[in-house]
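For what it's worth, my numbering labels the leading residue of the first sequence as 86, then goes sequentially.
Think of the CB as a built atom: it goes at the ideal place given N, C-alpha and C, for glycine as much as any other residue.
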Amino acid sequence: MSNEVELRKEVRRRLIELGVNPYPHTLKSKVTPIREVIQSPTPGSYVSVAGRVVGIRRHGALVFFDLVDDGQKIQCSISRGDVDKELFNFFEKFVDLGDYIYVDGSVYYTKKGELTIAVNYIQLLAKALRSPPVKWGHRILDPEVRYRKRYLDIMTNPQVRRIFEIRFKTIEEIRKFMWSKGYMEVETPILQPIYGGAAARPFKTHIWALDTEWYLRISLELYLKRFIVAGFNKVFEIGKNFRNEDIDIEHNPEFTMMESYEAYADYNDIMNLTEELISTVARRVLGTDAVEYPINGETTKVNLSPPYRRISIYEAFREFAGLDVESLSDDRLKEYLDKYSVKIAGGYDRGRAIVKLFDRIVGRNYLMQPTFVIDFPISSSPLAKPHRSRADLAERFELYIGGLELANAYTELNDPEIQASFFREEEVRGARGDLEAHPFDWDFVEALEHGMPPTGGLGLGIDRLVMIYTGVSSIKEVIPFPMVKSKEFE
RNA sequence: GGGCCCGUAGCUCAGCCAGGUAGAGCGGCGGGCUUUUAACCCGUAGGUCCCGGGUUCAAAUCCCGGCGGGCCCGCCA
86 MSNEVELRKE VRRRLIELGV NPYPHTLKSK VTPIREVIQS PTPGSYVSVA
136 GRVVGIRRHG ALVFFDLVDD GQKIQCSISR GDVDKELFNF FEKFVDLGDY
186 IYVDGSVYYT KKGELTIAVN YIQLLAKALR SPPVKWGHRI LDPEVRYRKR
236 YLDIMTNPQV RRIFEIRFKT IEEIRKFMWS KGYMEVETPI LQPIYGGAAA
286 RPFKTHIWAL DTEWYLRISL ELYLKRFIVA GFNKVFEIGK NFRNEDIDIE
336 HNPEFTMMES YEAYADYNDI MNLTEELIST VARRVLGTDA VEYPINGETT
386 KVNLSPPYRR ISIYEAFREF AGLDVESLSD DRLKEYLDKY SVKIAGGYDR
436 GRAIVKLFDR IVGRNYLMQP TFVIDFPISS SPLAKPHRSR ADLAERFELY
486 IGGLELANAY TELNDPEIQA SFFREEEVRG ARGDLEAHPF DWDFVEALEH
536 GMPPTGGLGL GIDRLVMIYT GVSSIKEVIP FPMVKSKEFE
């Protein structure tokens with residue numbers, strides 16, 4: 086292993102001795118992106134390009150090699166008979182896989198019809214001391230290498246690169262979509278004295294300047310609502326949330342959410358917004374809103390074009406599980422909790438029990454096509470407004486696609502007295518051992534006391550949306566640098 | 001938190017069950033080759049068998065502990 090590095094360090098040293106800078110500041114001349122050379126191939130034209138050497142095929146006096154620039158590959162050839170002998174020798178002696186080089190030459194098609202640059206000049210741009218771990222276009226198989234050294238994964242595999250291109254285009258298109266709807270993108274604190282807006286354990290940190298314990302945010306919700314109180318009518322934020330919980334196929338402790346809040350809207354408006362956003366962004370990023378998602382090992386067509394089905398959580402129970410949860414006694418419900426080993430932290434609560442049971446037996450198993458599950462039991466939703474026509478329900482929806490929970494949204498609770506009472510209930514749950522209970526946020530309640538208009542809010546999991554868009558079933562595949570245990574530098 | 005599986009050359013893996021000199025392909029290096037594209041042909045170097053301990057005449061192999069990774073379950077309203 087150190088052998089290759091040592092050999093290449095020796096090459097680097099010899100280059101410097103010869104007066105060749107292996108890491109020059111400038112290129113011989115301006116280059117054309119390889120993408121453009123490929124897009125409008127012009128045999129006979131003279132081009133200058135730069136890129137990483139990803140393949141070398143030697144045939145004695147003729148050598149073919151591949152350059153990759155910004156994910157685009159082009160073949161080059163260098164022929165001893167056609168170029169300065171020293172240049173040919175320079176290539177043979179000093180250019181290795183992984184190096185960045187500049188070349189210029191004329192474009193032609195080989196006998197096999199491959200677009201190729203007949204190289205006349207080579208400039209070394211950056212000497213690589215390590216070669217790529219696998220041939221370009223091949224997959225690194227070791228997941229540990231893929232996640233720890235993602236740059237290698239992306240460098241060598243265009244399909245991996247494509248996933249991240251889709252991810253970042255998706256974020257860009259969500260921004261454009263929200264702006265086009267009149268929303269303003271705002272920023273809220275990541276470091277917070279009280280966390281809130283979701284049920285999750287937080288990361289703690291120490292603020293030296295204030296000598297107190299603060300938290301990394303677990304959601305964007307409570308500060309965005311403060312913007313609504315402040316008089317901004319439509320705001321959104323795209324940012325990282327941090328939840329101190331386990332890492333698995335659909336959870337990463339650090340993940341990306343888009344949250345939006347709109348004055349004078351309710352959860353019905355937000356459902357319309359959500360389905361339009363997901364389909365519009367899909368069309369702009371993927372060119373289609375018909376995607377395929379692997380479900381239980383089988384590729385399933387998923388249609389992202391609106392309207393999405395809207396079904397109450399009780400109806401969903403009846404339809405998919407054949408269970409009339411609504412009329413179930415608490416004792417019977419507890420039997421189901423035992424049967425599916427569902428535990429409720431902080432003591433039994435009917436609403437929470439129903440929602441957890443739903444996650445366990447309905448959501449991930451049956452909701453493959455986009456589905457809004459609506460009207461949750463009120464005790465499970467301490468930041469949502471009670472339902473306009475049923476006191477036991479909250480105006481809340483969750484969006485499921487491919488069995489994944491993608492979004493959570495409410496007609497927002499704007500009655501400060503009810504909010505305060507919900508926080509008090511959360512405090513009780515916390516005291517009973519529910520580590521994910523909301524802490525009482527007095528400052529937020531005071532903000533509501535100043536008056537928040539009727540508001541509709543949305544939280545959309547960007548990572549999971551990208552999973553749906555790219556057809557991958559692990560969140561690690563869509564997070565560039567997923568969380569892995571740190572390792573001592575070898 | 002529980003269970004299962006994995007860790008051997010730069011990469012992919014065999015060898016482990018049944019203990020006895022560390023193996024292959026790709027890649028590297030050297031040589032050959034002027035139309036290849038996972039080029040090809042010949043030669044060659046390359047190892048803390050994840051780490052530590054134990055059993056044994058002898059451990060990559062068996063046992064224990066640890067580290068790292070993957071998957072499943074729990075948890076994630």
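Contact under 7 Å by Cβ, residue i with residue j
i    : j    : result
I564 : N337 : yes
R67  : P107 : Only positions 86 to 575 of the chain appear in this structure, which leaves residue 67 out of reach.
D151 : G166 : no
L491 : L484 : yes
D214 : Y185 : The question names Asp, but residue 214 in the sequence shown is Leu. Their beta carbons are not under 7 Å apart, which means L214 does not touch Y185 by this criterion.
P274 : Y280 : no
A494 : Y352 : yes
M537 : V314 : yes
I560 : F461 : no
Q157 : R99  : no
G431 : D331 : no
P501 : L533 : yes
E360 : Y393 : yes
D354 : S364 : no
Y308 : G487 : no
I225 : R231 : yes
Q208 : K115 : no
Three-way DSSP call (helix, strand, coil) for residue i in this model
i    : result
I396 : strand
N326 : strand
I429 : coil
E339 : strand
K319 : strand
M552 : helix
K158 : strand
E573 : Unreliable placement is indicated for E573, whose pLDDT of 49 sits below 50; the coordinate value is still reported in the next sentence. Correct three-state label for E573: coil.
N450 : helix
P379 : strand
F149 : strand
K386 : strand
S87  : At S87, the pLDDT of 45 sits below 50, so the modelled position is not reliable; the number obtained from the coordinates is stated separately. DSSP places S87 in helix when its eight states are reduced to three.
D444 : helix
D167 : coil
S265 : helix
T127 : coil
I256 : helix
N493 : strand
G542 : strand
Nearest-angstrom beta carbon gap, residue j and residue i [assumed within contact, 8 Å]
i    : j    : result
N326 : M342 : 5 Å
V271 : T241 : About 39 Å; that fails the 8 Å criterion.
L200 : V192 : 7 Å
S390 : G436 : At roughly 33 Å, the Cβ-Cβ gap does not stay under 8 Å, so S390 and G436 are not in contact.
T540 : Y346 : 6 Å
S162 : V148 : 7 Å
Y554 : V376 : 6 Å
Q277 : W299 : 6 Å
R395 : F312 : Between F312 and R395 the Cβ distance is about 28 Å, and since that is not below 8 Å, they are no contact.
L305 : E344 : 4 Å
Y433 : K419 : 7 Å
Q454 : V387 : 6 Å
According to DSSP, residues forming a beta bridge with residue i
i    : result
P462 : L478
V314 : Per DSSP, none; premise fails for V314.
R56  : The structure shown does not extend to residue 56, since the chain is modelled only from 86 through 575, so no value can be given for it.
L209 : I186
W299 : T290
A505 : Paired residues: none, contrary to the question.
H223 : According to DSSP, H223 bridges with nothing at all.
D471 : The residue asked about is misnamed: residue 471 is Pro in this sequence, not Asp. Answer by DSSP bridge pairing, in chain order: A479.
D423 : D423 is not bridged to any residue.
Option nearest residue i by Cα separation, candidates the options
i    : options                   : result
S216 : D333, L237, P462 and E400 : L237
P567 : P128, E335 and A213       : E335
R403 : P379, G448, K386 and S265 : G448
G546 : A283, P379 and H535       : A283
Y131 : H110, E177, L112 and A203 : A203
R445 : K428, T456, P392 and Y433 : K428
F529 : A505, R369 and K234       : A505
E257 : L362, E531 and V122       : L362
I459 : K386, D154, M356 and R247 : M356
D526 : D169, D519, R517 and E510 : E510
K570 : E229, I225, K178 and H144 : E229
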